[in-house]
Structures are given as C-alpha cells and as structure tokens.
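Taking it in order: structure first as structure tokens, then the write-up.
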Amino acid sequence: MKYTITLFTLAASVLSAPVAQSSYDDYGSYNNIPAPAVENPPAPAAGYGSYGDYNNVPAPAGGYATYGAYKRDVEKEVKA
C-alpha cells in the first residue's frame, strides 16, 4: 500500500511539473522594435587627466615593516 501511494505521489508530481519549452519560435520577432537611443555623457571639461608616474611611488607614511614584525603583531592579536 505504501509503495502504491509513493508511486502515485511521484507520478502526480511529475505530471504537474512545468514542461520545458523546446524552442524560442513562439516568442515572436523583435525586428520592428526600435533600439533605444544611447546618449553618452560629455567628457569632463578638464579632460580625464593621467594616472601619474607609477615609477616613482612614495613609500607609505609609516614606512615598510619587516615580515617578522608583522608576524609578531599577528601572534599578539591571536593570543589576546
């Protein structure tokens, strides 16, 4: 009896599931629909500028630390 109810429930759920559409032919044609106009904003008055000189980048304000110092700081945070 349980097996019959299980099969019936499974069959009902399969039959009630939506059927996948096999093609896009039913969606119609979009040939007569005009594309929206694209309006790009004007460029800034002063131009876009430049990215600067990346060959001469200043060091960070606090300077560069060593890996050992960083590792000790992390170990302090973990122990705290």
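With mature numbering (1 follows the signal peptide of the UniProt record, and there is no 0) applied, the sequence shown covers -22 to -1, 1 to 58. Every residue, glycine too, gets a C-beta built ideally from N, C-alpha and C.
In the three-state reduction of the DSSP assignment, residue 53 falls in the helix class, which pools H, G and I. Secondary structure at residue -9: helix, using DSSP grouped into helix, strand and coil. The three-state reading of DSSP puts residue 5 in helix, counting H, G and I together.
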